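Quick note on numbering: the sequence shown equals residues 392 to 837 in my numbering. Glycine included, C-beta positions come from ideal geometry on N, C-alpha and C. It should be emphasised that the depicted structure is a prediction, and the values quoted were computed from it without experimental measurement.
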Amino acid sequence: MSDLLAIGASGVRAYQTALTTTSENIANAGTAGYVRRTTTMREVASAGSYSSGSLNGSGVIVEGVGRSSNPYTEAAVRNAGADLARTQASSVWLQRIETALGGGALTTQMTAFFGAATALQGEPTSTALRAGMLSAASSVADSFGVTARSLDESMTELDSRAVQNVDELNRLNQAVLKVNQGLMTVVSGTSAAAALQDQRDQLLEKMSDLTDIDAQFDAFGRATVRAGGNSGPVLVDVREATNVRYGRTAGNVALQVVRGDGTSQLMTPEGGALAGVMEGAQRIFSTRQELGAIADKFTSTVNTLQRSGQDLNGATGTDLFTVAAGDPTKITVALTDGAKIAAAKTGGQRDASNLATLAGLRVSDDYEGRIQKLVTQNAATLKQRNLVSDAQTAIHDGALTARSELSGVNFDAEAIDLVRFQQAYQASSRVVQVARETFQSILEIR
């Protein structure tokens, strides 16, 4: 009778745990990051089954509470998320460049300047046309400055965003370390361990939004996380969380992973928002450099022509533009009197051969074309990134769906399990009752 009682009692305990697990699944169906849990049971074999020839076991025991998760499915979600985050971050900075290039209307102002020069070429003694050319020159100078400042502001914003991303990554590193430490203090196969593993996977998914990662787990579920793949620097392991530092020189971003002993290793993300930041920094810098090169060529060409010609009064021309040292986009108009425009070479007031030379250089140097090339190349890249983003969104959504099908809570399935475990619990309780009644009957035998 004691065997029958023990078997029934083991069933009561096991199915009580199963009912608790199922109830927990139902209660947390809407909890973000919650992974469906299952109660794993095994038969308890009779200790004397081999020696005595007994055909009976000794009941059931709960091995533990497990999670319905798959490391490959989780990795697929992280990888797809990292790819999407990089593309989206890159698109942000491409959009900033597009806004900067369009906001200053540089192509329009450059065309207006050459148009004013062409008009003056037809009537070089016109005071109004000379004033118009000075005004157009001022607009071009302002446009270069506006465009450059907008790009500089974008780079400043990029630095700020990168620092925020790095700070968030460092916070996540510390959080994963705490989870690793927690997993050493709880009993494996319990709801407490499963809850910590849920938290761990949520943290890893957030990390992958910042940089692509490789995560490996030990027998306790503790994570060792590397940035940029399995050969990258360790961000966090079972002993310590590292500290990532951001730095930028010109268009080159440097991310250093600093360990507790002070040693460091360069981190080169291929995915996540930080990879998009690195790409954005390079693009903003190269666009800014090309803008400066166009401005330098334009102002130096115009000033050289001015100095080689004669103004309306027959005097040798002087520079039309003044350029700040160290930044060719900081331009001001040096002349205040339209009569100082050196339209002529040496042929007197009606001569406009110097402006004719300027018209030729407009074609050969292709200032407007170079500016427009910046605009069209950036626009084409942005369009391509948006197309890639759409495709990556679909891939990411598919990975999330696959994970949800495996790890998510299905109310119909849980309801079936609830009824099944309830019946098993009631039946086990009945076994205990029968054992007691039978034992009582034996005691009553006289």
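Contact between Thr690 and Ile722 holds, since their C-beta atoms are separated by about 6 Å, short of 8 Å. Secondary structure of Met575 (DSSP, three-state): coil. The closest CA to that of Tyr463, considering only Asp605, Ala770, Thr678, is found on Asp605.
Remark: C-beta atoms of Val724 and Ala528 approach each other more closely than 8 Å.
Note on geometry: alpha-carbon atoms of Gly573 and Val629 lie some 10 Å from one another. Taking all protein chains shown into account, Asn621 has fewer than 16 neighbouring C-beta atoms within 10 Å of its C-beta and is therefore exposed. Approximately 3 Å separates the beta-carbon atoms of Gly700 and Ala733; this is inside 8 Å, confirming the contact. By the neighbour-count criterion, in which 16 or more other beta carbons inside 10 Å mark a residue as buried, Gln500 falls on the buried side. Sorting Ser655, Ala672, Val649 by C-alpha distance to the C-alpha of Asn643 places Ala672 at the top. Looking at the DSSP output, Glu434 bridges to Val451. For Gly638, the enclosing beta strand (DSSP E) covers residues 634-640. Here Thr720 is not near Ala503, since their CB atoms are 8 Å or more apart.
The region 771-781 makes no contact with the region 548-556; the number of CB pairs closer than 8 Å stays below 3. The Cβ neighbour count for Glu415, taken over all protein chains shown within 10 Å, is at least 16; the residue is labelled buried. The beta-carbon separation of Thr709 and Lys731, rounded to 7 Å, stays under the 8 Å limit for a contact. Leu601: not part of any alpha helix (DSSP H); DSSP gives it neither H nor E.
Remark: fewer than three beta-carbon pairs, one from each stretch, lie closer than 8 Å, so the region 505-525 and the region 450-465 are not flagged as touching. Residue pairing by DSSP places Leu749 opposite no residue, since no beta bridge is assigned to it. Per DSSP, Gln831 has no beta-bridge partner at all. In the DSSP annotation of this structure, the continuous segment of the beta strand (DSSP E) that includes Ala614 starts and ends at 614-618. Here the region 408-428 lies against the region 798-809, with 3 or more beta-carbon pairs under 8 Å apart. With contacts defined by Cβ atoms closer than 8 Å, Ala585 and Arg428 form a contacting pair. The DSSP-derived three-state label of Ser655 is strand. Excluding five sequence positions before and after Gly612, the CB atoms of its chain that fall closer than 6 Å to its own CB belong to Leu574, Gln588, given in chain order.
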